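A.B. asks: Please find one structure pasted underneath; my questions will follow.
Number of protein chains: 2
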Amino acid sequence: MSALFFKKLREKISLTTQEEEIIRRYIISKKIRKKQYLLQAGDVCKALAFVEQGALRAYSVDDKGQEHIIRFAMEGWTISDLDSFMTSEPSIYNIDALEDTEIIFIPKSAWEEVKKVVPQYELFIRLELMAAYSDMQKRITALISLTPEETYTYFVSVYPCIVQRVPQHMIASYLGLTPETLSRVRKRLFTGK
Amino acid sequence: MSALFFKKLREKISLTTQEEEIIRRYIISKKIRKKQYLLQAGDVCKALAFVEQGALRAYSVDDKGQEHIIRFAMEGWTISDLDSFMTSEPSIYNIDALEDTEIIFIPKSAWEEVKKVVPQYELFIRLELMAAYSDMQKRITALISLTPEETYTYFVSVYPCIVQRVPQHMIASYLGLTPETLSRVRKRLFTGK
DNA sequence: AAAAATTGTTGACTATCGTCAATACTTTTC
DNA sequence: GAAAAGTATTGACGATAGTCAACAATTTTT
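Chains A and B are the protein sequences, given in the same order. In this text, residue positions in the first sequence follow this note's numbering: the first is 1, and each later residue adds one. In this text, residue positions in the second sequence follow this note's numbering: the first is 1001, and each later residue adds one.
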């Protein structure tokens, strides 16, 4: 149910069995079927969703109705719209499931309670955020400085698991390329130019 | 000296005068002349630098010696390489001053001491991180979904202060464009295509 | 099992961005 | 104050990514 979440918690902060039990009380688990929304543009994001099992994507839709994938999230990752989460303004992003998925979260409304008992929870979130921030910075570096070939090669080397589980045109979207261009990039990479 | 830093602190968390005094003891202030490095590729990043006055940029250098600007930081912003900061591995980024600059920081080694007295300091960092994360997510959205015209227009609307203080070719680098292309983009925007 | 939707590839063509080079102008440095 | 460095613009040209369209293969739906 929430084994992976606690594994990750224990990796980053030390927890007594008692503290763990208390956290367990506040946890909410949710199953999301493939193609169902976890968050829709217009909703307010009220939690940081930890992926216990499955895969999700966050994306925006532009004027022309085109989808642009901002982020994937697989087992052990966290996904949400922090902007909406912080401001309680409606989100401009959609999050939906790419596979049948199970997520875990502690509702924002329970954070204060949890932190009262486990002050380290704040540290945990900060550490997760720092790691996510670093990853995103690397992605920006790739986007502004690499060729499509290099960007894709980098992506494959860092996220081989995603390449295997997600349709190619979604990876193209994530990399800021058209599906056709990514198809040609791959051809060039595999046939050796 | 550190007025802006405390103003920002007080905006996000409540502080007694006593707590403020204690934090003041751990603060280090540093002046960096224009063109001087705050961090060089190869160094380990040991602090989150808060910009009290001035302007900095973080950038990477690719195989061809080309610079790519990852991030600007003006008054009230924080800049660092979180990857290196967390792992204590040598950084791959450079940070240098675009103007004579004054920064404030609490060395990583003093964090535990500070948090002992002001537990809220952890919350402060988390809030700053969330905001920075949101901004970066918007930037990625722009990079993968907008045309150069739109990306630049967005940049000008969000960071008018940067446009006025930073050379145009650096903004081009930040947006993933060549200086020539940005020059033409601007021409098209102002002369109406 | 058939129909529909999704996915990935390829070709022809076009629009756009990067490269190289020349120039003008401004700011910094000595 | 002269020389050097840094900055922005423009033109010509070539490379490359996007667009539109057709098609095959696979998966999902009914």
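Idealized CB from N, CA, C, for every residue including glycine. Note that the structure is a prediction, hence the values are computed from the model and not measured.
Kindly list the residues whose CB is nearer than 8 Å to the CB of valine 1185(B), restricted to its own chain and excluding five residues on each side of it in sequence; keep chain order.
C.D. replies: On the second sequence, position 185 is the one that residue 1185(B) refers to. Once the five neighbours on either side are set aside, the close Cβ partners of valine 1185(B) are Pro1148, Glu1149, Tyr1152, Leu1177.
A.B. asks: Answer with yes or no whether the minimum CB distance from leucine 1039(B) to chain A is below 8 Å.
C.D. replies: Stepping through the second sequence from its first residue, residue 1039(B) is reached at position 39. Not an interface residue.
A.B. asks: Tell whether a beta-carbon distance below 8 Å holds between glutamine 1053(B) and glutamate 1075(B).
C.D. replies: As a first step, residue 1053(B) must be located in the second sequence, where it is residue number 53. As a first step, residue 1075(B) must be located in the second sequence, where it is residue number 75. It is a contact, given that the beta carbons lie within the stated cut-off.
A.B. asks: Which residues does DSSP pair with threonine 78(A) in a beta bridge?
C.D. replies: In the first sequence, counting from the first residue as 1, residue 78(A) sits at position 78. Phe50(A), per the DSSP bridge assignment.
A.B. asks: Strictly under 8 Å for the Cβ-Cβ distance: is histidine 68(A) near chain B by that measure?
C.D. replies: Counting from one through the first sequence, the residue named residue 68(A) turns up at place 68. It does; some Cβ of chain B falls within 8 Å.
A.B. asks: Beta carbons nearer than 7 Å to chain A: which residues of the segment 1054–1078 of chain B have them?
C.D. replies: Taking 7 Å as the Cβ-Cβ cut-off against chain A, the residues of the segment 1054–1078 of chain B that qualify are Ser1060, Asp1062, His1068, Ile1070.
A.B. asks: According to DSSP, is threonine 1101(B) part of a helix, a strand, or is it coil?
C.D. replies: As a first step, residue 1101(B) must be located in the second sequence, where it is residue number 101. Correct three-state label for threonine 1101(B): strand.
A.B. asks: Classify arginine 1139(B) as helix, strand or coil using the three-state DSSP reduction.
C.D. replies: Counted from its first residue, the second sequence places residue 1139(B) at position 139. Arginine 1139(B) falls in the helix class under three-state DSSP.
A.B. asks: Against chain B, does glycine 42(A) count as a neighbour if the rule is that its beta carbon must be under 8 Å from one of theirs?
C.D. replies: Within the first sequence, numbered from 1, the residue matching residue 42(A) stands at position 42. Closer than 8 Å: no.
A.B. asks: If you run the structure through DSSP and keep just helix, strand and coil, what is serine 1014(B)?
C.D. replies: On the second sequence, position 14 is the one that residue 1014(B) refers to. Serine 1014(B): coil per DSSP, three-state reduction.
A.B. asks: Suppose you measure from the CA of tyrosine 1059(B) to the CA of arginine 188(A); what does that come to, to the nearest Å?
C.D. replies: Your numbering for residue 1059(B) matches position 59 in the second sequence. Your numbering for residue 188(A) matches position 188 in the first sequence. Cα to Cα, the separation comes out at about 30 Å.
A.B. asks: Could you give the DSSP three-state label for lysine 30(A): helix, strand or coil?
C.D. replies: Indexing the first sequence from 1 puts residue 30(A) at position 30. Lysine 30(A): strand per DSSP, three-state reduction.
A.B. asks: Which word fits aspartate 63(A), buried or exposed, when buried means at least 16 other C-beta atoms lie within 10 angstroms of its C-beta?
C.D. replies: For the purposes of this step, residue 63(A) is taken as the residue at position 63 of the first sequence. Its Cβ having fewer than 16 others within 10 Å, aspartate 63(A) is exposed.
A.B. asks: Please report the Cβ distance between leucine 56(A) and threonine 87(A), rounded to the nearest whole angstrom; I am assuming they are in contact, meaning their Cβ atoms lie under 8 Å.
C.D. replies: On the first sequence, position 56 is the one that residue 56(A) refers to. On the first sequence, position 87 is the one that residue 87(A) refers to. With 8 Å as the limit, leucine 56(A) and threonine 87(A) do not qualify as a contact, their Cβ atoms being about 22 Å apart.
A.B. asks: To the nearest angstrom, report how far apart phenylalanine 72(A) and phenylalanine 5(A) are at their CA atoms.
C.D. replies: Residue 72(A) sits at position 72 when you count from the first residue of the first sequence. Residue 5(A) sits at position 5 when you count from the first residue of the first sequence. Those two C-alpha atoms are separated by around 18 Å.
A.B. asks: Aspartate 1083(B) versus chain A: which residues are under 8 Å apart at the beta carbon?
C.D. replies: Start at 1 with the first residue of the second sequence, and residue 1083(B) comes out as number 83. Result: Ser134, Gln137, Lys138.
A.B. asks: Just to make sure I have the definition right: I need the residues of chain A whose C-beta is within less than 8 Å of the C-beta of methionine 1170(B). Which are they?
C.D. replies: On the second sequence, residue 1170(B) is found 170 positions in, with the first residue counted as 1. None at all; the shortest Cβ gap to chain A is about 12 Å.
A.B. asks: Quick one: is threonine 1141(B) near chain A, going by C-beta distance under 8 Å?
C.D. replies: Residue mapping note: residue 1141(B) aligns to position 141 of the second sequence, counting from 1. Cβ-Cβ to chain A under 8 Å: yes for threonine 1141(B).
A.B. asks: Which class does tyrosine 1037(B) belong to by DSSP, given the choice of helix, strand or coil?
C.D. replies: As a position in the second sequence, residue 1037(B) is number 37, starting the count at 1. Strand, per DSSP.
A.B. asks: At a CB-CB cut-off below 8 Å, which residues of chain A make contact with glutamate 1122(B)?
C.D. replies: By 1-based counting over the second sequence, the position of residue 1122(B) is 122. The answer, in chain order, is Glu122, Leu123, Arg126.
A.B. asks: Report buried or exposed for glutamine 137(A), applying the criterion of at least 16 other Cβ atoms within 10 angstroms of its Cβ.
C.D. replies: Position 137 of the first sequence, counting from 1, holds the residue named residue 137(A). So glutamine 137(A) ends up on the buried side.
A.B. asks: Leaving aside the five residues before and after lysine 12(A) along the sequence, list all residues of the same chain whose C-beta is less than 7 Å from its C-beta, in chain order.
C.D. replies: Within the first sequence, the letter at position 12 stands for residue 12(A). Excluding sequence neighbours, lysine 12(A) sits near Phe124, Leu127.
A.B. asks: Below 8 Å between beta carbons: does that hold for serine 29(A) and isoleucine 104(A)?
C.D. replies: Translated into positions along the first sequence, residue 29(A) becomes position 29. Translated into positions along the first sequence, residue 104(A) becomes position 104. Yes. Within cutoff.
A.B. asks: Go ahead and pull the three-state DSSP assignment for valine 44(A).
C.D. replies: Position 44 of the first sequence holds residue 44(A). Coil at valine 44(A), not helix or strand.
A.B. asks: For a test of the three-state rule: what should DSSP assign to isoleucine 1106(B), helix, strand or coil?
C.D. replies: Along the second sequence, one-based indexing puts residue 1106(B) at 106. Correct three-state label for isoleucine 1106(B): coil.
A.B. asks: Determine the closest residue to arginine 25(A) out of Ile106(A), Phe190(A), Pro179(A), with distance taken between C-alpha atoms.
C.D. replies: Here residue 25(A) is taken as the residue at index 25 of the first sequence, counted from 1. Among Ile106(A), Phe190(A), Pro179(A), the Cα nearest to that of arginine 25(A) belongs to Ile106(A).
A.B. asks: So which residues on chain A does methionine 1086(B) lean against when the C-beta distance must stay under 9 Å?
C.D. replies: Residue numbering aside, residue 1086(B) sits at position 86 when the second sequence is read from its first letter. Going along chain A in sequence order, the residues near methionine 1086(B) (Cβ under 9 Å) are Leu127, Met130, Ala131, Ser134.
A.B. asks: Check the Cβ-Cβ distances between isoleucine 1144(B) and every residue of chain A, and say whether any is below 8 Å.
C.D. replies: Your numbering for residue 1144(B) matches position 144 in the second sequence. True, the Cβ-Cβ gap to chain A drops below 8 Å.
A.B. asks: Exposed or buried, tyrosine 1093(B), counting other C-beta atoms within 10 Å across all chains shown (16 or more means buried)?
C.D. replies: Position 93 of the second sequence, counting from 1, holds the residue named residue 1093(B). Buried: at least 16 other Cβ atoms inside 10 Å.
A.B. asks: From what residue to what residue does the alpha helix (DSSP H) around isoleucine 1175(B) run?
C.D. replies: As a position in the second sequence, residue 1175(B) is number 175, starting the count at 1. Going by the sequence as given, residue 1175(B) is leucine instead of isoleucine. Looking at the DSSP string, the run of the alpha helix (DSSP H) that includes leucine 1175(B) is 1168–1175.
A.B. asks: Measure the C-alpha to C-alpha separation of serine 1002(B) and lysine 115(A) and round it to an integer number of angstroms.
C.D. replies: In the second sequence, residue 1002(B) corresponds to position 2, counting from 1. In the first sequence, residue 115(A) corresponds to position 115, counting from 1. Taking the straight line joining both Cα atoms gives about 30 Å.
A.B. asks: If we cut at 8 Å on Cβ distances, does proline 1090(B) have a partner in chain A?
C.D. replies: In the second sequence, residue 1090(B) corresponds to position 90, counting from 1. So no, proline 1090(B) is outside the interface.
A.B. asks: Does DSSP put glutamate 67(A) in a helix, in a strand, or in coil?
C.D. replies: Here residue 67(A) corresponds to residue number 67 of the first sequence, with the count starting at 1. Correct three-state label for glutamate 67(A): strand.
A.B. asks: Distance cutoff 8 Å, beta carbons only. Does proline 148(A) sit that close to anything in chain B?
C.D. replies: Along the first sequence, read from residue 1 onward, the residue named residue 148(A) stands at position 148. So, not an interface residue.
A.B. asks: When burial is assigned at 16 or more other CB atoms within 10 Å of the CB, is phenylalanine 1085(B) buried or exposed?
C.D. replies: What you label residue 1085(B) is simply residue 85 of the second sequence in a count that begins at 1. So phenylalanine 1085(B) counts as buried.
A.B. asks: Run down chain A in chain order and give the residues with a C-beta less than 9 Å from the C-beta of proline 1119(B).
C.D. replies: Counted from its first residue, the second sequence places residue 1119(B) at position 119. Under the 9 Å cutoff, chain A gives Pro119, Glu122.
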